[in-house]
Amino acid sequence: AAGVIQSPRHLIKEKRETATLKCYPIPRHDTVYWYQQGPGQDPQFLISFYEKMQSDKGSIPDRFSAQQFSDYHSELNMSSLELGDSALYFCASSRRLGAGELFFGEGSRLTVL
Amino acid sequence: AQKVTQAQTEISVVEKEDVTLDCVYETRDTTYYLFWYKQPPSGELVFLIRRNSFDEQNEISGRYSWNFQKSTSSFNFTITASQVVDSAVYFCALSEANYGGATNKLIFGTGTLLAVQP
Numbered sequence: 113a114a115g116v117i118q119s120p121r122h123l124i125k126e127k128r129e130t131a132t133l134k135c136y137p138i139p140r141h142d143t144v145y146w147y148q149q150g151p152g153q154d155p156q157f158l159i160s161f162y163e164k165m166q167s168d169k170g171s172i173p174d175r176f177s178a179q180q181f182s183d184y185h186s187e188l189n190m191s192s193l194e195l196g197d198s199a200l201y202f203c204a205s206s207r208r209l210g211a212g213e214l215f216f217g218e219g220s221r222l223t224v225l
Numbered sequence: 002a003q004k005v006t007q008a009q010t011e012i013s014v015v016e017k018e019d020v021t022l023d024c025v026y027e028t029r030d031t032t033y034y035l036f037w038y039k040q041p042p043s044g045e046l047v048f049l050i051r052r053n054s055f056d057e058q059n060e061i062s063g064r065y066s067w068n069f070q071k072s073t074s075s076f077n078f079t080i081t082a083s084q085v086v087d088s089a090v091y092f093c094a095l096s097e098a099n100y101g102g103a104t105n106k107l108i109f110g111t112g113t114l115l116a117v118q119p
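Chains as they are written, first to last, in this note's numbering: chain Z, 113 to 225; chain X, 2 to 119.
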């Protein structure tokens, strides 16, 4: 069965650079979520989208922005990168605002040097 | 405020032993959802179970079983006859509910690292 697809899987950036992560949800899933997991930490909710509108917001820095497109894929844009942004970024998807189970992608590992 | 506590930081067992991972949660909501995820060394988060607060039936799936007790705010996870491939970090998580189901704005516990020795 198709899963949540994230790209790139690994990304290395310098401080103050910009990074963009992409997420393709499971087919027929209309809600996407972004989570950040720092080294040795539990995942933290960043933001979610339902039908291309922001549905909820968590601890997402102002330097980060995200959107969901008409094909339901989502992109997380991170600017002015800091060393502390180094983390595993997960995208997850579900049907209709949480009516079904929440499935995560394999994550995108961002390293900021 | 919502909170999930996984008091066991690390557990080490020998293959074929049974092991229970504890999860205690706090919430003021009457409707909520509980989850378990597995994170193997490769890093992905693998969905194991989702349970809503109105369904207190215990669940068994192969070697996995879950014991949900609202009276003690616990949602414990047991692996029977553990295998080396079960070695991973296991996260328990809590979500508020909305009109559609779960908000999926998960509050995770700090995870339990399970090491299964051959």
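Using N, Cα and C, we set each Cβ at its ideal position, and we do this for glycine too.
- Of the residues assessed, residue 32 of chain X falls on the exposed side of the cut-off, its CB having fewer than 16 other CB atoms within 10 angstroms.
- Assigned with DSSP and collapsed to three states, residue 86 of chain X falls in helix.
- Approximately 7 angstroms separates the beta-carbon atoms of residue 202 of chain Z and residue 149 of chain Z; this is inside 8 angstroms, confirming the contact.
- Among the residues facing chain X, residue 211 of chain Z is included, as its CB has a counterpart in that chain under 8 angstroms away.
- Residue-level contact check: residue 145 of chain Z touches chain X, since one or more beta carbons of chain X fall below 8 angstroms from its beta carbon.
- Short of 6 angstroms from the beta carbon of residue 36 of chain X, and not among the five residues preceding or following it, lie these beta carbons of its own chain, in chain order: 51 and 94.
- Using a Cβ-Cβ cut-off of 8 angstroms, residue 142 of chain Z does not count as an interface residue toward chain X, since no Cβ of chain X sits closer than that to its own.
- The alpha carbon of residue 122 of chain Z has as its nearest neighbour, out of X:19, X:54 and X:44, the alpha carbon of X:44.
- At least one CB atom of chain Z sits nearer than 8 angstroms to the CB of residue 104 of chain X.
- Here residue 122 of chain Z is bridged, per DSSP, to Z:221.
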